[in-house]
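So the protein sequences, as listed, match chains A and B.
Under the working numbering, the letters of the first sequence match residues 1091 to 1352, in that order.
Under the working numbering, the letters of the second sequence match residues 1091 to 1352, in that order.
Note that the Cβ used here is the ideal one computed from N, Cα and C, for glycine as well.
Remarks on the structure that follows.
Number of protein chains: 2
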Amino acid sequence: MAETDRDRRRLLRTVVAGGIGAGLVTAGGASSARAEPAAREDVAGEEGEVRVAVLLYDGFTALDAVGPYEVLCRVPGVTVTTVAERAGRVRTDTGELSLVAERSLESVTRAEILLVPGGGQRGTTATMANPAVLDWIRHIHRRTVWTTSVCTGSLILGAAGLLRGLPATTYWASRPYLAEVGAVYTPGRFVEAGKIVTAAGVSAGIDMGLHLAARLAGDQVGRAMQLAVEYDPDPPFDTGSPENASPELQRLALRLLADAAT
Amino acid sequence: MAETDRDRRRLLRTVVAGGIGAGLVTAGGASSARAEPAAREDVAGEEGEVRVAVLLYDGFTALDAVGPYEVLCRVPGVTVTTVAERAGRVRTDTGELSLVAERSLESVTRAEILLVPGGGQRGTTATMANPAVLDWIRHIHRRTVWTTSVCTGSLILGAAGLLRGLPATTYWASRPYLAEVGAVYTPGRFVEAGKIVTAAGVSAGIDMGLHLAARLAGDQVGRAMQLAVEYDPDPPFDTGSPENASPELQRLALRLLADAAT
């Protein structure tokens, strides 16, 4: 496992340093097929780019997308774009906030990192049944370095057939559904299975994002990004996981979610 | 202080329950000037709304706005809207992500909660020097129940003249600038000064949001919202505050921020 981790990190650093041959032409167009990975531990190379594609869909949860975005976007060599069936405004699960998708599915054919956020029940299930989106996910996944999800985004990866037999996590209340897409629920703030990384609910994407930042550019950049977003959490309660929440509190949380959903 | 806290909470619960007289007509239009606060501890009343206005401006930081939004939007009685000089797409500090402002400044004349996110240096300083935005902030602040900020958003509140002589916090690297707007830097994940609540950098808005959710609707709803966003943080490093970061790491964080800024 540690060996695999090192291999992946080496691969990523090579990608960042300028592409590992014709297969990974960089978004900047200035691909230099360097044979050796970048030597520097602290900052990834300037010559290449790691393209992060964040899938947006009607009913996604804003923080699922924005958490990892915020800690990945400033990693040297990383560029982020938002992608949806159609470019333009995409509504979140509450209907009260919209993000802009910069690109349509057709216009994005490669990404080194794919991020699929979770959403409310309506948005998640509709996306799990949307062949255009699932085809696109499978296509992008073929050549990603990391394919990632937050919250119920793992169910969407699962619906695309990417999690069969693999350990994964998801939103706490959706854990039973992982089996339906062939995945094996595994506890963890995020779970790695080869190049697939699934994070737990909503805010867990921040922890996963920092982990990926460190993999991309070294621990020192990961530490710096944690400072950059002043991520020194001090929640007022200790009820952030169902293990610390009574059944009554769990029901209340689910009712608040359902009541606010569109 | 505890007494003031109780008073404020009572006020908020009264607002949620349907307005405290002509001064606080609810957004839903169905203002019933109840004399007594709502009795229920767990869920705020259905009759009124607490309107949260999130200011967006070119160069704001996405997570500053989305963190508190995500934990406030599902609190019973709360409605959230995004506001900018002009309605429509508003770019974040990296230029790679945009959120949609649903409303223009002119179209929003009241809000029970004002939230001012921070931004990159360009966005923050431009907003601190924008009379239209500062006038709007002052106008809204006059009748808010809470006026809040995340990160360098406190410097914008300060530029509007709202922090003179008050304890406040801000982004770790911007602490020295609080004095320039007459505020007194005070350590804390968030700092309350009467009805003004300022949060530390970026991710601190999540902690502040949960605190406000509990104030709005009681601790049980606060706990439920922490579970709803599965906020059980487990960062890979411990460098989320400058107190835990070497000067070298602080310089690296600031360099990454500067390099990614537009």
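- Residue-level contact by beta carbon fails for E1282/B and chain A, as no gap is shorter than 7 Å.
- Ranked by Cα distance from W1262/A, the options G1255/A, E1270/A, Y1275/A are led by Y1275/A.
- Between E1175/B and A1222/B the beta-carbon gap is near 6 Å, inside 8 Å, which marks them as a contact.
- Note on geometry: alpha-carbon atoms of G1208/B and L1162/A lie some 18 Å from one another.
- Residue nearest to A1155/A within the set S1239/A, H1231/A, R1179/A is S1239/A (criterion: CA-CA distance).
- Within its own chain, the residues whose Cβ lies closer than 8 Å to the Cβ of P1332/A, once the five positions on either side in sequence are excluded, are W1262, A1263, Q1340, listed in chain order.
- Taking the C-beta atoms as reference points, T1169/A is found no nearer than 7 Å to R1200/A.
- DSSP, reduced to helix, strand and coil, places E1270/B within a helical segment of the structure shown.
- Neighbours of V1223/B in chain A, taken as residues whose beta carbon is under 8 Å from its own, are absent, since the nearest beta carbon is some 20 Å off.
- Assignment of T1242/B by DSSP, reduced to helix, strand and coil, places it in the coil class.
- Counting only runs of 3+ residues, the beta strand (DSSP E) found wholly inside the segment 1147-1205 of chain A occupies 1168-1174, 1178-1181, 1188-1191, in chain order.
- At a C-beta separation below 9 Å, F1150/B has no neighbours in chain A, since its nearest C-beta there lies roughly 12 Å away.
- For R1305/A, there is no enclosing beta strand (DSSP E); the enclosing alpha helix (DSSP H) has its first and last residue at 1294-1307.
- Per DSSP, the unbroken alpha helix (DSSP H) holding E1338/A starts and ends at 1337-1350.
- When rounded, the separation of the alpha-carbon atoms in D1324/A and G1295/A is 17 Å.
- With respect to the C-alpha of A1307/A, the residue from L1204/B, L1342/B, L1268/B, L1256/B having the closest C-alpha is L1342/B.
- At least one CB atom of chain A sits nearer than 7 Å to the CB of W1262/B.
- Residues of chain A with a Cβ closer than 9 Å to the Cβ of R1232/B do not exist, since the nearest Cβ in that chain sits about 24 Å away.
- Contact of P1266/A with chain B by beta-carbon distance below 8 Å is absent, the smallest such distance being about 16 Å.
- Within the DSSP secondary-structure output, Y1275/A pairs in a beta bridge with A1258/A.
- Taking C-beta atoms as the reference points, L1205/A and T1172/A fail to come closer than 7 Å.
- The DSSP-derived three-state label of E1333/B is helix.
- Closer than 7 Å at the C-beta level to chain B, one finds these residues of the segment 1177-1196 of chain A: R1179, T1184, E1186, L1187, S1188, L1189, V1190.
- For V1319/B, the closest Cβ of chain A is nearer than 7 Å.
- Within chain B, the residues E1186 have their CB atoms less than 8 Å from the CB of T1171/A, given in chain order.
- By the rule that beta-carbons nearer than 7 Å mark a contact, T1352/B does not touch chain A.
- Within chain A, the C-beta atoms nearer than 8 Å to that of T1329/B come from R1313, A1314, Q1316, L1317, in chain order.
- Assigned with DSSP and collapsed to three states, R1141/B falls in strand.
- A direct Cα-to-Cα measurement between A1216/A and V1190/A gives close to 19 Å.
- When the beta-carbon positions are compared, V1287/B and C1241/B stay at least 7 Å from each other.
- If you compare the alpha carbons of G1255/A, A1289/A, L1346/A, P1277/A with that of E1270/A, the shortest gap goes to G1255/A.
- H1229/B has a beta carbon lying at 7 Å or more from every beta carbon in chain A.
- When the Cα atoms are used, D1148/A and I1203/B turn out to be separated by approximately 27 Å.
- The three-state secondary structure of G1210/B, taken from DSSP, is coil.
- Ranked by Cα distance from G1243/B, the first of R1233/B, L1224/B, V1235/B is L1224/B.
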